[in-house]
Amino acid sequence: MQQLAADATRTALAGIDPPERLALATSYIRKNAAKYSLIDPEKMQVNVDNAQSDPNQFTVTIQYDAENLPIWNLMTGLPLPDTIITRASTIRLGGI
Numbered sequence: 017m018q019q020l021a022a023d024a025t026r027t028a029l030a031g032i033d034p035p036e037r038l039a040l041a042t043s044y045i046r047k048n049a050a051k052y053s054l055i056d057p058e059k060m061q062v063n064v065d066n067a068q069s070d071p072n073q074f075t076v077t078i079q080y081d082a083e084n085l086p087i088w089n090l091m092t093g094l095p096l097p098d099t100i101i102t103r104a105s106t107i108r109l110g111g112i
């Protein structure tokens, strides 16, 4: 998930504005997520926003609904993380 977020962020950097960055990030994830085992691209939500701490940066956030992964049935009785996995990657918009 983190690798997908990072790669989608680098791809989205080519976008001129936030809607184009979202389209690029979403397209990248739809085309590449299935290459990772156990990841279903249809269960992902993608968001692109300007970073709150610096307007010269933007963040791609991926939320994945992992509810159907087999681990939830294999590890009954043990504390497990939330079934929604969230990962984000931030990149600078050019310059220093």
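If you count the sequence shown from 1, you need to add 16 to reach the working numbering.
Even glycine gets a Cβ: it sits at the ideal position worked out from N, Cα and C.
These numbers were taken from a predicted model, which means no experiment stands behind them.
Check	Outcome
Three-state secondary structure assigned by DSSP to A30	coil
A104 in three-state terms, based on DSSP	strand
Complete runs of the beta strand (DSSP E) confined to the stretch 32-83 [at least 3 residues]	60-66 and 73-81
Of the listed residues Y80, A39 and L96, nearest to D65 (C-alpha basis)	A39
Proximity winner among I101, G31, G110 and A30, relative to M17 (alpha-carbon distances)	I101
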